[in-house]
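Chemist: One structure coming up, written as structure tokens, with questions to follow.
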Amino acid sequence: MGTSTIGVSIAVPEPYGRLLQEARAGFGDPAAYAIPTHVTLLPPTEIDSGDLPALRRHLAKVAAAGRPFPMRLDGTDTFRPLSPVVYVHLADGTRECTELQGEVRSGPVVRELQFPYHPHVTVAHGIAEEAMDRAYAALADFKATWTATGFALYEQGGDGVWRKMREYPFGVDTCGAVPHQQGARAIHDAPLIP
Numbered sequence: 230m231g232t233s234t235i236g237v238s239i240a241v242p243e244p245y246g247r248l249l250q251e252a253r254a255g256f257g258d259p260a261a262y263a264i265p266t267h268v269t270l271l272p273p274t275e276i277d278s279g280d281l282p283a284l285r286r287h288l289a290k291v292a293a294a295g296r297p298f299p300m301r302l303d304g305t306d307t308f309r310p311l312s313p314v315v316y317v318h319l320a321d322g323t324r325e326c327t328e329l330q331g332e333v334r335s336g337p338v339v340r341e342l343q344f345p346y347h348p349h350v351t352v353a354h355g356i357a358e359e360a361m362d363r364a365y366a367a368l369a370d371f372k373a374t375w376t377a378t379g380f381a382l383y384e385q386g387g388d389g390v391w392r393k394m395r396e397y398p399f400g401v402d403t404c405g406a407v408p409h410q411q412g413a414r415a416i417h418d419a420p421l422i423p
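Residue numbering for the sequence shown follows the numbering used here, beginning at 230 and increasing consecutively.
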């Protein structure tokens with residue numbers, strides 16, 4: 230038995246996930262390519278490897294009870310000065326993500342949060358203040374909409390890279406692949422990187 234660092238999130242679909250990831254890298258965030266673009270449901274959490282089967286069963290039950298819902302990103306915001314983060318604001322889907330993360334965290338891996346839950350998409354974290362300001366301004370007009378059809382369990386490798394372990398589609402009683410995120414479109418009126 231060992232331990233694993235896991236997380237649960239809703240992926241931002243392509244091409245928007247890649248666009249935001251490339252923008253994050255362009256702002257100088259060294260973690261950009263190690264973290265798929267996402268909305269967190271369970272933040273990085275260390276668990277015993279033996280607890281993974283129970284967690285997977287729990288996530289499958291949560292997903293089976295869930296239903297697809299619309300998500301919309303609109304502009305930027307920040308957690309500064311409390312936390313060195315600039316993010317793209319989740320304008321639609323906040324209630325559903327909040328309820329979902331509560332269900333995810335109610336299972337065999339109960340985790341207290343360092344801060345109150347606030348669903349968002351990080352685009353800069355822990356980098357120089359001027360780079361954070363650049364991220365805030367460059368993505369201020371970013372918009373994207375899609376339908377969330379499930380979530381995924383990720384594990385952080387020893388190299389610091391987060392890799393998908395399993396996908397959990399909403400409304401399905403067994404573990405399987407999340408269907409392609411439907412209805413995704415984005416509007417972006419400003420350049421990603423100035």
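We treat Cβ as the ideally placed atom computed from N, Cα and C, and that holds for glycine. Everything numeric in this text was worked out from a predicted model, so none of it was measured.
1. For Gly412, count neighbouring Cβ atoms within 10 angstroms of its own Cβ and tell me buried if that reaches 16, exposed if not.
2. As a quick exercise: from Leu248, Val268, Glu275, pick the residue whose alpha carbon is nearest that of Tyr262.
3. Run through the region 304-347 for me and flag every whole alpha helix (DSSP H) of 4 or more residues, listed as ranges in chain order.
4. Tell me whether Asp418 sits in a helix, a strand or coil according to DSSP, three-state version.
5. Hey, how far is the Cα of Met394 from the Cα of Thr274?
6. Relative to the C-alpha of Gly336, which residue among Pro244, Gln250, Leu271 is closest?
7. What distance in whole Å lies between the Cβ atoms of Phe371 and Val317, which are believed to be in contact at a cut-off of 8 Å?
8. Is it buried or exposed for Arg296, if we count other Cβ within 10 angstroms and need 16 for buried?
9. Does DSSP put Asp277 in a helix, in a strand, or in coil?
10. Give the DSSP-derived three-state secondary structure of Gly405 in the structure shown.
11. Please tell me whether Gly246 and Trp391 are closer than 9 Å, where the distance is taken between their beta carbons.
12. Which residue from Pro398, Phe298, Arg334, Val338 puts its Cα closest to that of Leu319?
13. Using the three-state DSSP reduction, which class does Gln410 fall into: helix, strand or coil?
14. If I measure Cβ to Cβ from Tyr346 and keep anything under 7 Å in the same chain, skipping five residues before and after, which residues do I get?
15. Quick one: any contact between the region 277-291 and the region 339-358, if contact means 3 or more CB pairs under 8 Å?
16. Among Ala369, Gly400, Asp362, whose alpha-carbon lies nearest the alpha-carbon of Asp258?
17. For the candidate residues Asp402, Leu382, Gly389, whose alpha-carbon lies nearest to that of Thr269?
18. Have a look at Thr234, Ser238, Thr232 and flag the residue whose alpha-carbon is nearest the alpha-carbon of Pro398.
19. Of the choices Gly389, Leu342, Pro313, whose alpha-carbon is the least far from that of Ala360?
Modeler: On the basis of the coordinates in this document:
1. The predicted model places Gly412 with a pLDDT of 45, which falls under 50 and marks its position as unreliable; any figure quoted below should be read in that light. Per the 10 Å Cβ criterion, exposed.
2. Checking every option, the nearest Cα to that of Tyr262 belongs to Leu248.
3. Scanning the region 304-347 for uninterrupted alpha helix (DSSP H) segments of 4 residues or longer gives 323-333, listed from N- to C-terminal end.
4. Summary for Asp418: the model assigns pLDDT 42, below 50, so the residue's position carries little reliability; its value from the coordinates is reported in the next sentence. Correct three-state label for Asp418: coil.
5. The straight-line gap from Cα to Cα measures roughly 14 Å.
6. Taking the Cα of Gly336 as reference, the smallest distance to any Cα among Pro244, Gln250, Leu271 is reached at Leu271.
7. Approximately 6 Å separates the beta-carbon atoms of Val317 and Phe371; this is inside 8 Å, confirming the contact.
8. Its Cβ having fewer than 16 others within 10 Å, Arg296 is exposed.
9. Three-state result, Asp277: strand.
10. Because Gly405 carries a pLDDT of 46, less than 50, the predicted location of this residue cannot be relied on, and no value is offered for it.
11. No, they are not a contact pair.
12. From the listed residues Pro398, Phe298, Arg334, Val338, the smallest Cα separation to Leu319 is found for Phe298.
13. Reliability of the predicted coordinates at Gln410 is poor, the pLDDT of 46 falling under 50, and the value obtained from them is presented with this limitation in mind. DSSP, read as helix, strand or coil, puts Gln410 in coil.
14. Cβ neighbours of Tyr346 beyond the five flanking positions: Thr327, Gln330.
15. At 8 Å Cβ cutoff, the stretches do not touch.
16. Between Asp258 and the set Ala369, Gly400, Asp362, the nearest pair of CA atoms involves Asp362.
17. From the listed residues Asp402, Leu382, Gly389, the smallest Cα separation to Thr269 is found for Leu382.
18. In terms of Cα proximity to Pro398, the closest of Thr234, Ser238, Thr232 is Ser238.
19. Nearest C-alpha to Ala360: Pro313.
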